[in-house]
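Asks:
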Amino acid sequence: MPPNRPTLTEVARHAGVSVASASRALSGGSASPATVARVQKAAAALGYVVDATARSLKVGRTEQLAFAVADLGNPVYVAMMRAIEGVVSAAGFRLVVSSTGASPDDEIELIRGLNQGYADGLIVSPLRITDDVIAELRQSRVPIVVVGTLPAGVDLDNVRANSTRGVGLAVAHLAESGRRAIAFLNGPTDTVPGRARERGFRQAMRSLRRKIATVQSVTATDFTHDAGEKAATTLLTHYQPDAIVCANDLLAIGAMRVLRSRGLTVPEDVAVVGMDDTELAELAVPGLTSVSLGSEERGRIAATMLLDRLGDRHRKASRVTVQPRLVLRASSAPRRPAR
1125 MPPNRPTLTE
1135 VARHAGVSVA
1145 SASRALSGGS
1155 ASPATVARVQ
1165 KAAAALGYVV
1175 DATARSLKVG
1185 RTEQLAFAVA
1195 DLGNPVYVAM
1205 MRAIEGVVSA
1215 AGFRLVVSST
1225 GASPDDEIEL
1235 IRGLNQGYAD
1245 GLIVSPLRIT
1255 DDVIAELRQS
1265 RVPIVVVGTL
1275 PAGVDLDNVR
1285 ANSTRGVGLA
1295 VAHLAESGRR
1305 AIAFLNGPTD
1315 TVPGRARERG
1325 FRQAMRSLRR
1335 KIATVQSVTA
1345 TDFTHDAGEK
1355 AATTLLTHYQ
1365 PDAIVCANDL
1375 LAIGAMRVLR
1385 SRGLTVPEDV
1395 AVVGMDDTEL
1405 AELAVPGLTS
1415 VSLGSEERGR
1425 IAATMLLDRL
1435 GDRHRKASRV
1445 TVQPRLVLRA
1455 SSAPRRPAR
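Numbering (the working numbering), first residue to last: 1125 to 1463.
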């Protein structure tokens, strides 16, 4: 490089951002509009020009794959990430993980960034699938595998869990254990899992010929334990369940905290069942009964789909559904008979 030619490091320093941020902003990677504008202004002021040779090599092949999820702190995505990394690393690829939050706009920005060449393919697990997200997925020049339920007619590689049936397994188990007042603690119903699990609860209760009171089903603002605590507080203020089905393990942990704070024991007073069968379910006290949705299995299948797509861009789109499995622990044990 000529001695007087400005470097990317100098551009980053001039713009007040990290070198990595400057690189993403100039290469079309994931960066906010404000960062892109600031970096481009700094590059113009310094006379910086992107190395065309390096850029063309990057666009050609990065040996890098991306995995994008809503929340990197969710143990479901951690388990999925480990499974994906095991498959793609064996094939010679690095795995880059991104958190998009629950925003469809952030997912769209990420997909557009892929087309600028920072990764050879993407596995994405969107919480909210809008028409704009679907349009961007379809237009992508980079292979994409979606983990989660897609609308009918969307012809993309896809692996999903049957969480509707999973909730049904939980409700049936509690009913067979003699629980009569079964409540439901869901996550946001404008999300893909929220809608599916709400449907599962209503179908299961209908099959038992049990009506659902308005106060019997509550919706948390997020799929986190804090949101679970708040939603469980609302539930217990207006309803007295003898069992609670929760839309994931984090919500269940939050619900169990609230039950303890009110002097209620699990499972003697109230049985609790979660979903996802994460490590949290094993670590909880008492151990949390949970519906396994095959997080690791879905991750391995998605990674294999993506590698297959990279090998043959014209192959027919694959669609696989992983069936749920109820994992019994102490939190849903039947009540002990009175002495």
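Where a beta carbon is used, it is the ideal one built from N, C-alpha and C, also for glycine.
Inspect the CB distances between the region 1429 to 1439 and the region 1402 to 1414 and report whether three or more fall short of 8 angstroms.
Replies: These segments do not touch.
Asks: Alpha carbon to alpha carbon, how far is methionine 1204 from arginine 1424? Give it in angstroms, no decimals.
Replies: Numbered from its first residue, the sequence shown carries residue 1424 at position 300. Numbered from its first residue, the sequence shown carries residue 1204 at position 80. A direct Cα-to-Cα measurement between arginine 1424 and methionine 1204 gives close to 8 angstroms.
Asks: Below 8 angstroms on the Cβ atoms is my guess for threonine 1358 versus proline 1312; work out the distance and round it to an integer in Å.
Replies: Translated into the one-based positions of the sequence shown, residue 1358 becomes position 234. Translated into the one-based positions of the sequence shown, residue 1312 becomes position 188. So it is not a contact: roughly 14 angstroms between Cβ atoms.
Asks: Which stretch, first to last residue, makes up the alpha helix (DSSP H) that contains glycine 1411?
Replies: The count along the sequence shown starts at 1 and reaches residue 1411 at position 287. It is not in any alpha helix (DSSP H) - glycine 1411 carries neither H nor E in the DSSP assignment.
Asks: Is it buried or exposed for arginine 1284, if we count other Cβ within 10 angstroms and need 16 for buried?
Replies: By one-based count along the sequence shown, residue 1284 stands at place 160. Classification for arginine 1284: buried.
Asks: Check phenylalanine 1347 in the structure and name its three-state DSSP category.
Replies: The count along the sequence shown starts at 1 and reaches residue 1347 at position 223. If DSSP states are grouped into helix, strand and coil, phenylalanine 1347 belongs with coil.
Asks: Identify the continuous beta strand (DSSP E) that holds alanine 1367 and give its terminal residues.
Replies: Within the sequence shown, the letter at position 243 stands for residue 1367. Residue range 1367 to 1370 is occupied by the beta strand (DSSP E) that includes alanine 1367.
Asks: Going by the CB atoms, is the gap between valine 1415 and proline 1458 shorter than 9 angstroms?
Replies: Mapped onto the sequence shown, residue 1458 falls at position 334. Mapped onto the sequence shown, residue 1415 falls at position 291. The Cβ atoms of proline 1458 and valine 1415 do not sit closer than 9 angstroms to each other.
Asks: Could you compute how far the alpha carbon of glycine 1140 sits from the alpha carbon of threonine 1186?
Replies: The residue labelled residue 1140 in the question sits at position 16 within the sequence shown. The residue labelled residue 1186 in the question sits at position 62 within the sequence shown. Near 27 angstroms, if we compare the C-alpha coordinates of threonine 1186 and glycine 1140.
Asks: Kindly identify the DSSP beta-bridge partner or partners of arginine 1443.
Replies: Mapped onto the sequence shown, residue 1443 falls at position 319. Looking at the DSSP assignment, arginine 1443 forms a beta bridge with Asn1282.
Asks: When the distance is taken between beta carbons, is isoleucine 1268 closer than 9 angstroms to valine 1291?
Replies: Position 167 of the sequence shown, counted from the start, is the residue given in the question as residue 1291. Position 144 of the sequence shown, counted from the start, is the residue given in the question as residue 1268. It is not a contact, given that the beta carbons lie outside the stated cut-off.
Asks: If you reduce the DSSP assignment to three classes, tell me which class phenylalanine 1325 lands in.
Replies: The residue labelled residue 1325 in the question sits at position 201 within the sequence shown. In the three-state scheme derived from DSSP, where H, G and I count as helix and E and B as strand, phenylalanine 1325 is classed as helix.
Asks: Would you grab the beta carbon distance between alanine 1379 and serine 1456 for me? Rounded to a whole angstrom, and I think it's under 8 angstroms.
Replies: Numbered from 1 along the sequence shown, position 255 holds the residue referred to as residue 1379. Numbered from 1 along the sequence shown, position 332 holds the residue referred to as residue 1456. About 13 angstroms; that fails the 8 angstroms criterion.
Asks: At which residue ranges does the region 1145 to 1225 contain complete alpha helix (DSSP H) runs of 4 or more residues, listed in the order of the chain?
Replies: 1157 to 1170, 1176 to 1184 and 1199 to 1214
Asks: With a threshold of 6 angstroms on Cβ separation, who are the neighbours of leucine 1181 within its own chain once the five nearest residues in sequence on each side are excluded?
Replies: Counting from one through the sequence shown, the residue named residue 1181 turns up at place 57. With a pLDDT of 43 at leucine 1181, under the threshold of 50, the predicted position of this residue should be treated as unreliable, and no value is reported.
Asks: Write down the C-beta distance between leucine 1274 and isoleucine 1306 rounded to the nearest angstrom, noting that I regard them as a contact closer than 8 angstroms.
Replies: If you number the sequence shown from 1, residue 1274 lands on position 150. If you number the sequence shown from 1, residue 1306 lands on position 182. With 8 angstroms as the limit, leucine 1274 and isoleucine 1306 do not qualify as a contact, their Cβ atoms being about 30 angstroms apart.
Asks: Going by the DSSP bridge assignment, what does valine 1269 pair with across the sheet?
Replies: Indexing the sequence shown from 1 puts residue 1269 at position 145. By DSSP's assignment, valine 1269 forms a beta bridge with Ile1247 and Asp1281.
Asks: Around the C-beta of alanine 1178, are 16 or more other C-beta atoms found within 10 angstroms, so that it is buried, or is it exposed?
Replies: Position 54 of the sequence shown, counting from 1, holds the residue named residue 1178. Any answer about alanine 1178 is weak, because its pLDDT of 48 lies below 50 and its placement is not dependable; what the coordinates show is given next. By the 10 Å Cβ count, alanine 1178 comes out exposed.
Asks: Determine the extent of the beta strand (DSSP E) in which isoleucine 1306 is found, giving its start and end residues.
Replies: By 1-based counting over the sequence shown, the position of residue 1306 is 182. 1306 to 1310 is the extent of the beta strand (DSSP E) around isoleucine 1306.
Asks: When you compare only the Cα positions, how much space is there between threonine 1133 and glycine 1171?
Replies: The residue labelled residue 1133 in the question sits at position 9 within the sequence shown. The residue labelled residue 1171 in the question sits at position 47 within the sequence shown. Near 13 angstroms, if we compare the C-alpha coordinates of glycine 1171 and threonine 1133.
Asks: State the CB to CB distance for the pair alanine 1367 and arginine 1437, rounded to an integer number of angstroms; the pair is presumed to be in contact (CB under 8 angstroms).
Replies: As a working note, residue 1367 is residue 243 in the sequence shown. As a working note, residue 1437 is residue 313 in the sequence shown. That pair is no contact at about 49 angstroms.
Asks: With DSSP as the reference, label serine 1331 as helix, strand or coil.
Replies: The residue given as residue 1331 occupies position 207 in the sequence shown. DSSP places serine 1331 in helix when its eight states are reduced to three.
Asks: Since alanine 1395 sits in a beta bridge, which residues does DSSP pair it with?
Replies: Counting from 1 along the sequence shown, the entry for residue 1395 is found at position 271. Answer by DSSP bridge pairing, in chain order: Ala1367.
Asks: Tell me whether the beta-carbon of alanine 1190 lies closer than 9 angstroms to the beta-carbon of valine 1160.
Replies: Start at 1 with the first residue of the sequence shown, and residue 1190 comes out as number 66. Start at 1 with the first residue of the sequence shown, and residue 1160 comes out as number 36. The answer is no: Cβ separation not under 9 angstroms.
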